[in-house]
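Numbering (full-length UniProt numbering), first residue to last: 1 to 62. Step one of this worksheet: look at the structure below.
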Amino acid sequence: MAKLKATETAKRAALEGMQMMGGYGCATEYDMERHLRTAVVSTVYGGTSEIQREIIGKSYGL
Ligand SMILES: Cc1cc2nc3c(=O)[nH]c(=O)nc-3n(C[C@H](O)[C@H](O)[C@H](O)COP(=O)(O)OP(=O)(O)OC[C@H]3O[C@@H](n4cnc5c(N)ncnc54)[C@H](O)[C@@H]3O)c2cc1C
1 MAKLKATETA KRAALEGMQM MGGYGCATEY DMERHLRTAV VSTVYGGTSE
51 IQREIIGKSY GL
């Protein structure tokens, strides 16, 4: 649950950061691009968000 919440929140925050910076947010010259890539991939490794939701749902008998 903590992994799902932390990584999805990081992804949302990074997307907001990129949006605020406009084009610079996507440019490799700025750290934001790396933060976004890192945040997005964190919702994949160590168990994707979809699979985390499956596991959490099953643990509640859903
Ligand atoms: C940077 C990085 C580092 C990694 N490090 C390691 C490591 O150290 N050790 C290791 O063992 N592995 C590692 N991995 C692999 C990682 O664990 C897998 O990429 C991850 O488990 C997802 O598997 P997959 O890539 O085969 O995607 P897939 O399983 O093919 O999934 C593709 C998409 O389909 C979705 N999906 C799949 N099945 C379902 C389902 N039943 N219901 C709903 N949606 C579903 C997934 O959520 C995902 O969005 C790493 C991956 C990355 C990107």
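Note that the Cβ used here is the ideal one computed from N, Cα and C, for glycine as well.
**Item:** Span of the alpha helix (DSSP H), counted from its first residue to its last, around Met32
**Value:** For the purposes of this step, residue 32 is identified with residue 32 of the sequence shown, where counting begins at 1. Here the alpha helix (DSSP H) through Met32 covers 31 to 42.
- Return the first residue and the last residue of the alpha helix (DSSP H) that Leu4 is part of. By 1-based counting over the sequence shown, the position of residue 4 is 4. Segment 2 to 21, the alpha helix (DSSP H) holding Leu4.
So for Gly46, helix, strand or coil by DSSP? Taking the sequence shown and counting its residues from 1, one reaches residue 46 at position 46. Coil, per DSSP.
Measuring straight from C-alpha to C-alpha, what distance separates Met20 and Ile56? Against the sequence shown, residue 20 aligns to sequence position 20. Against the sequence shown, residue 56 aligns to sequence position 56. For Met20 and Ile56, the distance between alpha carbons rounds to 33 Å.
Check your understanding: Do you know offhand how far Thr9's Cα is from Thr43's?
Key -> Residue mapping note: residue 9 aligns to position 9 of the sequence shown, counting from 1. Residue mapping note: residue 43 aligns to position 43 of the sequence shown, counting from 1. Spanning the two alpha carbons is a distance of roughly 10 Å.
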